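Numbering (our numbering), first residue to last: 1153 to 1276. All C-beta atoms, glycine included, are put in the ideal place defined by N, C-alpha and C. Small disclaimer: the values here were computed from a predicted structure and weren't measured.
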């Protein structure tokens, strides 16, 4: 069983950097973390040994972590997401939220930006 924190971390790493992995690495990680398949089940799907699956998963995890360590895209995204959530909270708390057209337009644009980035109302 995977911890929720590890599942969330791997989901983000796959979202941000998954296309940089080989197809086999991507598939193994998706089966393992997203579909919650056992190593034996993945081995059967990929027609390889259980040990090969274990090695592919560990190697792919290390690769994804090294990408984040070097590029810090997830860290930057989380920082921007937190700032956008704070701005949204300030706008929604403003008395002008429902009455000032400029504030309403700013709120609409903020919601659009957050939706595109997958961060609307605290989504991860």
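The beta carbon of residue 1208 is closer than 7 Å to those of 1176, 1177, 1180 in its chain, skipping five residues each way along the sequence. For residue 1187, the secondary structure class from DSSP, reduced to helix, strand or coil, is coil.
Residue 1188 and residue 1182 have their alpha carbons spaced roughly 8 Å apart.
Take the alpha-carbon of residue 1234 and the one of residue 1210: they are about 31 Å apart. Counting other Cβ atoms within 10 Å of its Cβ, residue 1212 reaches 16 or more and is therefore classed as buried. Annotation for residue 1166: the continuous alpha helix (DSSP H) segment containing it runs 1156-1169. With respect to residue 1168, residue 1217 sits apart: the two C-beta atoms are not nearer than 8 Å.
A direct Cα-Cα distance of roughly 7 Å separates residue 1248 from residue 1255.
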